[in-house]
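K.L.:
Structure provided below as structure tokens; questions to follow.
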Amino acid sequence: MEIAPKKISDIFNIQEVGDRNYWFVRTSSGKFYQDFVLHDYIAIGWDFISISDFNSTKINTVKAMIKQNLALDPDNENVTDTKKKKGEITGIYNKIKRFIKEFTLNDVVVIPDVNSENYSIGIITSDVFEDSSYIKKYLDNDPDTEMNLCPYAKRRSVKWLKTISKRNADIYLLKALGSQHAVSDVKEYAPYINRNLYDIYSSEGKLHAIIRAGTDEKSISFSELKQLVDLIENELKRADANCNLDDLTMKLNIHSAGIIELIAGAGGLSLVLGTAMFSLNHLINGGKTSMDFKLDENGLPHFSVSSESPGLRGRELEKIKLEYEHQEKILKLSSSLNLQIPQVQLTDEIENPVKEDIE
């Protein structure tokens, strides 16, 4: 079957990341991390100011309330210096303002556990609300719980998408999150958050594909890195022999477990990159669908889809004469580097095409 799509989303199910905010919310040194994750929410303190009070009261009045109740700061900071106290009051006001006014639906939120050994990343799914009876209701249902239940009233519901450990996280992401305050705007670190959240995604007209290689016990050698780059280039050329690789950007984060991020602009190169990742993933992990890509005389992309693609992992390697040497090289490098290729899936229209009636 041959298809002539207009854009990459016509072929692949790829996460499209729009314009959104990114927030970091602390969990009282990890005390409430488990409660947040297991019960799908985040919360902040300073309960002496309700949502209604904050929305209907002048700024100076709110700050006066904070000044009077500074001892109720959830971080229990004992501020005595007048200048520092004024700065602390403004800081608390800004944290509350962000949580109530600036957090919005579909924003990304990141929270750390004890000692920041793990980070959970999720999407905000509700407007701000208050629940001052949460602990009572919980204990009525589970009086023997040993969980540290969060008493803070101001809350937002969250759909948690992924938890990453410090040992496996992007080192640049760890540096970015390590010095954040209780409630922080971390949108400038969105590229690092997104590449830890997704293996492949589209943002601002560009396709990002993330390949992970190496382990904590084994670093990537120069020779292996060269082989990997050659492999990627070869798969791109197999997808489209005429593609211009000068328009492809590569970002490397090569530590023990490294990250290779490939970024392609809108148009044909994104389709080429998506096709290359799809093919490479299926060569390594196995699958039931294979694809060929080409441009017609008008520069429009066309895909040829066939039904079987023998996998190489988890089953005996089939000795296909024309492909054996190439596939064996891929499998060997994949095993050596513990390659993790983006899981690219076809859209339903491509996976299960509707057959036209034949009159």
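In full-length UniProt numbering, the protein residues as written are 1 to 359.
A virtual CB, placed ideally from N, CA and C, is assigned to each residue, including glycine.
#1: Is Y41 near the ligand SAM, in the sense that its beta carbon is under 8 Å from a heavy atom of that ligand?
#2: Around the C-beta of Q68, are 16 or more other C-beta atoms found within 10 angstroms, so that it is buried, or is it exposed?
#3: Once you ignore the five residues that flank Q34 on each side, which residues in its own chain have a CB closer than 8 Å to its CB?
#4: Based on the DSSP output, what are the partners of Q327 in its beta bridges?
#5: Put P191 into one of helix, strand or coil per three-state DSSP.
#6: Looking only at C-alpha atoms, which of E204, F24, N234 sits nearest to N244?
#7: State yes or no: is the C-beta of S133 within less than 9 Å of the C-beta of S157?
#8: Using the three-state DSSP reduction, which class does A276 fall into: helix, strand or coil?
#9: Could you pull the DSSP bridge partners for Y41 from this structure?
#10: Am I right that D107 and W23 are in contact with their C-beta atoms under 8 Å? What's the rounded C-beta distance?
#11: Under 8 Å: do the region 13–23 and the region 194–205 share three or more Cβ pairs, one atom per stretch?
#12: Counting along the chain, where does the beta strand (DSSP E) carrying A16 start and finish?
#13: Give me the Cα-Cα distance between M277 and Q343, rounded to the nearest whole angstrom.
#14: Provide the residue span of the alpha helix (DSSP H) that contains T61, from first to last.
#15: What beta strand (DSSP E) runs, 3 residues minimum, are completely inside the region 199–250?
#16: Any beta-carbon of chain B closer than 9 Å to the one on K67?
#17: Quick one, are the C-beta atoms of E102 and N21 less than 9 Å apart?
#18: Would you mind reading off the limits of the beta strand (DSSP E) that contains Y22?
#19: Apart from the five residues on each side of it in sequence, which residues of its chain come closer than 6 Å, Cβ to Cβ, to S120?
#20: Whole angstroms is fine: what's the gap from S203's alpha carbon to A64's?
#21: Report the three-state DSSP secondary structure of A176 (helix, strand or coil).
#22: Around the Cβ of K154, are there at least 16 other Cβ atoms within 10 angstroms (buried) or fewer (exposed)?
#23: Measure how close the beta-carbons of V183 and K85 come, nearest whole angstrom, since I'm counting them as under 8 Å.
#24: Quick one, which of T275, G45, I330, D246 has its alpha-carbon nearest R26's?
#25: Excluding the 5 residues flanking L337 on each side, which residues of the same chain have their C-beta closer than 7 Å to its C-beta?
#26: Which class does N253 belong to by DSSP, given the choice of helix, strand or coil?
#27: Roughly how many angstroms lie between the CA atoms of E117 and H208, to the nearest whole one?
#28: For a quick check, are the C-beta atoms of N141 and G30 less than 9 Å apart?
#29: Can you tell me the Cα-Cα spacing of D240 and N253, whole angstroms?
#30: My assumption, with CB atoms under 8 Å, is that L248 sits in contact with A264. Please give the rounded CB distance.
#31: How long is the line joining the alpha carbons of N242 and Q345, rounded to whole angstroms?
#32: Taking the alpha-carbon positions, what's the residue 404 to P191 distance?
P.N.:
On the basis of the coordinates in this document:
#1: This structure lacks the ligand SAM; in fact it carries no ligand of any kind.
#2: Q68 counts as exposed, since fewer than 16 other C-beta atoms from the protein chains shown sit within 10 angstroms of its C-beta.
#3: Closer than 8 Å at Cβ, skipping near neighbours: D113, M147, N148.
#4: In the DSSP output, where bridge partners are listed per residue, Q327 has none listed.
#5: P191: helix per DSSP, three-state reduction.
#6: Closest option to N244, Cα to Cα, is N234.
#7: Contact: no.
#8: Reduced to three states, the DSSP call for A276 is helix.
#9: BP columns for Y41 point to S157.
#10: For D107 against W23, the beta-carbon gap comes to about 6 Å, under 8 Å, which counts as contact.
#11: Yes: at least three Cβ pairs fall under 8 Å.
#12: In the sequence as displayed, the identity of residue 16 is Glu instead of Ala. Where E16 is concerned, the enclosing beta strand (DSSP E) stretches over 15–17.
#13: Looking at the two C-alpha atoms, the distance is approximately 8 Å.
#14: Run containing T61: 59–68, per the alpha helix (DSSP H) assignment.
#15: As far as the region 199–250 is concerned, its whole beta strand (DSSP E) runs of at least 3 residues are 200–203, 206–213.
#16: Absence of chain B from the displayed structure is noted, only one protein chain being present.
#17: Yes; because the gap between Cβ atoms is below 9 Å, this pair is in contact.
#18: Boundaries of the beta strand (DSSP E) harbouring Y22: 22–25, taken from the DSSP string.
#19: So the list reads V37, I111, W160, T163, once near-sequence residues are dropped.
#20: If I take the Cα positions, the gap works out to 43 Å.
#21: Assignment of A176 by DSSP, reduced to helix, strand and coil, places it in the helix class.
#22: Buried, since its Cβ has 16 or more Cβ neighbours within 10 Å.
#23: Wrong, their Cβ atoms sit about 19 Å apart, outside the cutoff.
#24: Ranked by Cα distance from R26, the first of T275, G45, I330, D246 is G45.
#25: Cβ within range, chain order: A213, G214, I220, E224, L228.
#26: N253 falls in the strand class under three-state DSSP.
#27: Cα to Cα, the separation comes out at about 27 Å.
#28: No, the pair does not count as a contact, with Cβ atoms beyond the cut-off.
#29: Cα to Cα, D240 sits roughly 27 Å from N253.
#30: Right, their Cβ atoms sit about 5 Å apart.
#31: Near 24 Å, if we compare the C-alpha coordinates of Q345 and N242.
#32: Residue 404 falls outside the range modelled here, since the chain spans only 1 to 359, and no answer is possible.
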